[in-house]
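Residue numbers (UniProt numbering): 1 to 879.
See below for the structure under consideration.
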């Protein structure tokens, strides 16, 4: 799990959002600023309030001063520093509220921004020296988090870094734009966060204050690897030098890792150490060795326990992640799962006999060894059962409601675990508790569990408070009307729009806050495209928002899925050619520096869009530019190293060579040069080298320790492009692997609903293959994906919405949310174009038969949402 996502859950119950939206900042620090009125320009930028004095010529780069402060000292520091900066007329910025300050120092906040409360921009070294000397004296005794990667001035809260004052960006080979500094010769180079540029002279008054690099840990331990690192600290696997014994080191950084009670990481480490001492001798609990401090951070050494996290164990053994599992397969899994659960329950009972509550039982804190023995780790939230106040926090999907106290907290989390072992989607229950009944029905249907097992789970997990009647959607009806379903998804997307905001129009994945909210994959352009091509309509007010956003905050990258060329594609189709020309002219000079081949951020997506512009405008210049990019990619393909030890690529539609293969195929269609078909076949076969055979005979893409079947990275993306290639060249050599690739798309259980990394992408890829080579096995799998799509659906304003990445919040974007599901359904049911540059089959006269139930009724296919299908549920709940 990407732990960054939890940091975007504070501001809003339904959607991922930044700290400066969705919250009432009654604790605003901006309103208390006085004296900075006449002769100053002031504005908000993200979580910061920026103050610039008139008449000051701010350098492009230089030495800047960061001031850190803990929660207790923050207001006092502001009251000292802000008047000082106003009096001497120096540019500065500060965090806008105490809530934002707390969020910046939370456990899963960005570690690079940790501790920063105020930033000051001295215009020269003389002013820098004065600021450091003056404030060092005034801020004596102030305590705050250490700012990683920056030099500390003295013993106080002042830190120094050479960096950009005014944002300047350059394009790197991946197609992303990154902050830049200017060398003395005028060239721009990447700004490295932890390294002083080699041309920068350190002023004499700073030399004694530049700290040496901090060691990870002092002897007697040697750090071997980092298990994970957060803003609160890290967890490291280490070796004790005295006896070569392997241990786990847990690090806590003072004043960081704040929870809802503003308790920091050090306090939680102390709590965990006390808990481990009290649990000494309990089997399945790590043994505490010692506590110590290094460079101001606190450490705890404990015994290393064997095993993998339970989430990885489940992914490896749950039979529903494979196709055509038998009742016997499911029975063996039930036996193993119940055995693991009984061992977890025994450890909890031993903990309770010591008078303690574990407090954070979840799939990441349970380790399972090869023999299915179990250990519990991470006792930060443990507390005495008699304590009326339990520590706040916990893991989404497992944490007990606030009305549970004492041992009830663990009993609730254990009941969640009993359900999660057979359906690991319990995170959705935090948003929609009424999904509990659906989840239980799914598990009851797929697994033969002991009598009363699920009834016990239901009894423990049902909310104790009185709730209103369940909100039903079009997917909950006995007869599913797919026209109504798709209209409901579109209505949910439109209901979520926030046109009054300038930073985003439709809520989506957290990546929209990094790459901008205008893009195709995670931004407004992709959502408006999806609404248009699926027949939901055009929305001029939202299109105007997109145009204004592109002018106000142009994309920072060139790529198709996350940058300028995807936005240009949509604007071109909507008829806004002037805006398209501005984007193309802005990014055209950067294309020569891009070396990434993929469709998401690299040359493949850019080349495909240039082909689209060539056709749209009958412009030979765009065509030849696309040909040039295709030739660059063929050269890159010829020189790409083969997989081997330490050499791995990412295969699939967005990051692999399947994206360039799609460009080669479209170049063949425009030029009729069959050499492009050969290149497309070679590119797909390069992706196949990144694949491996699964236990069920499927071919999936290797991605680290996992194998993936998805559209973005995985088998589905390869299937889509291979299917397109076979339409032009039925005998392409790569086709031999198609049946095994398609088999990877047929697993029943898929944790996320989205297009790029979820069920919608598998559904669409299966349907595309089914059009070319109909077969009953693929048809049944497609039925099943449609059938279980309701499992992911969450009501939103009376409409149908879908959770995004990690299921923590809803998403409306193309890559992870409702817009992508809408595209997939239109592609499956109408043959509409799934994504730009793929085939559009909506003009076919014969409907795609995806439903084999004798009770299914399928209407005549036409383009658009209005066509739809009416599907009746037959015996056993099948669509």
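Beta carbons are placed, not taken as given, at the ideal position from N, Cα and C, and that holds for glycine.
Starting from residue i, follow its DSSP beta bridges and name the residues at the other end.
i	result
residue 32	Note: residue 32 sits in no beta bridge, so no partner.
residue 164	61
residue 374	368
residue 180	190
residue 236	226 and 249
residue 159	66 and 152
residue 292	299
residue 221	240
For a test of the three-state rule: what should DSSP assign to residue i, helix, strand or coil?
i	result
residue 104	helix
residue 120	strand
residue 68	strand
residue 430	helix
residue 226	strand
residue 266	helix
residue 44	strand
residue 541	helix
residue 152	strand
residue 6	helix
residue 88	helix
residue 302	strand
residue 609	helix
residue 723	helix
residue 854	The pLDDT assigned to residue 854 is 31, lower than 50, so where the model puts this residue is not dependable; a value taken from the coordinates is nonetheless given after this. In this structure, residue 854 counts as coil in the three-state DSSP scheme.
residue 691	strand
residue 359	coil
residue 339	helix
residue 702	strand
residue 137	helix
residue 16	coil
residue 380	coil
residue 210	coil
residue 596	coil
residue 171	strand
residue 570	helix
residue 52	strand
residue 309	strand
residue 587	helix
residue 847	Its pLDDT being 37, under 50, residue 847 is placed unreliably in this model, and the coordinates cannot settle the point.
residue 423	coil
residue 319	helix
residue 23	The pLDDT assigned to residue 23 is 48, lower than 50, so where the model puts this residue is not dependable; a value taken from the coordinates is nonetheless given after this. Coil.
residue 114	coil
residue 886	Since the first residue of the chain shown is 1 and the last is 879, residue 886 is not available in this structure.
residue 633	helix
Between residue i and residue j, how many whole angstroms is the CB-CB distance? I'm expecting something under 8 Å.
i	j	result
residue 766	residue 782	5 Å
residue 885	residue 759	Residue 885 lies beyond the range of the chain shown here (1 to 879); nothing can be said about it.
residue 797	residue 492	7 Å
residue 816	residue 508	7 Å
residue 786	residue 823	Incorrect: roughly 15 Å between the Cβ atoms, too far for contact.
residue 144	residue 265	Contact flag wrong, Cβ pair sits at about 14 Å.
residue 390	residue 359	7 Å
residue 813	residue 732	In fact, because the Cβ distance is near 33 Å, the residues do not count as touching under 8 Å.
residue 749	residue 318	7 Å
residue 374	residue 347	7 Å
residue 355	residue 384	6 Å
Sufficient close CB pairs (3 or more, under 8 Å) joining the segment 515-535 to the segment 564-575 = Verdict: yes, contact present.
Would you list, in sequence order, the uninterrupted alpha helix (DSSP H) runs of no fewer than 4 residues that lie entirely inside the segment 753-830?
-> If we require 4 residues or more, the alpha helix (DSSP H) runs fully inside the segment 753-830 come out as 759-772, 776-788 and 818-830.
Are the segment 733-752 and the segment 691-701 touching, with three or more C-beta to C-beta distances below 8 Å?
-> The segment 733-752 is in contact with the segment 691-701.
Secondary structure, alpha helix (DSSP H): runs of 4+ residues fully inside the segment 649-685 = Positions of the alpha helix (DSSP H) runs, each at least 4 residues long and wholly inside the segment 649-685, are given as 658-671 in order along the chain.
Between the segment 53-68 and the segment 4-22, do three or more beta carbon pairs fall short of 8 Å?
-> These segments do not touch.
Run through the segment 481-555 for me and flag every whole beta strand (DSSP E) of 3 or more residues, listed as ranges in chain order.
-> Listed in chain order, nothing qualifies, since the segment 481-555 has no complete beta strand (DSSP E) run of 3 or more residues.
Taking one C-beta from the segment 832-840 and one from the segment 538-550 each time, how about it: are there three or more such pairs within less than 8 Å?
-> Verdict: no, contact absent.
Between the segment 661-672 and the segment 606-616, do at least 3 Cβ pairs fall closer than 8 Å?
-> Contact holds: three or more Cβ-Cβ distances are below 8 Å.
Should the segment 589-607 be regarded as contacting the segment 644-655, the criterion being three or more beta carbon pairs within less than 8 Å?
-> Contact between the segment 589-607 and the segment 644-655 is present, with at least three C-beta pairs closer than 8 Å.
Stretch-stretch touch, CB-based, cutoff 8 Å, three pairs: the segment 248-257 with the segment 99-115 | Counting C-beta pairs with one atom in each stretch, the segment 248-257 and the segment 99-115 have three or more that are closer than 8 Å, which means they touch.
Three or more beta-carbon pairs under 8 Å between the segment 290-304 and the segment 419-439, yes or no?
-> Because the criterion of three Cβ pairs below 8 Å is not met, the segment 290-304 and the segment 419-439 do not touch.
Count the CB pairs spanning the segment 271-286 and the segment 299-309 that are closer than 8 Å, and state whether there are at least three.
-> The segment 271-286 is in contact with the segment 299-309.
Using 8 Å as the Cβ pair cut-off and three pairs as the minimum, do the segment 131-151 and the segment 190-210 touch?
-> Segments in contact, yes.
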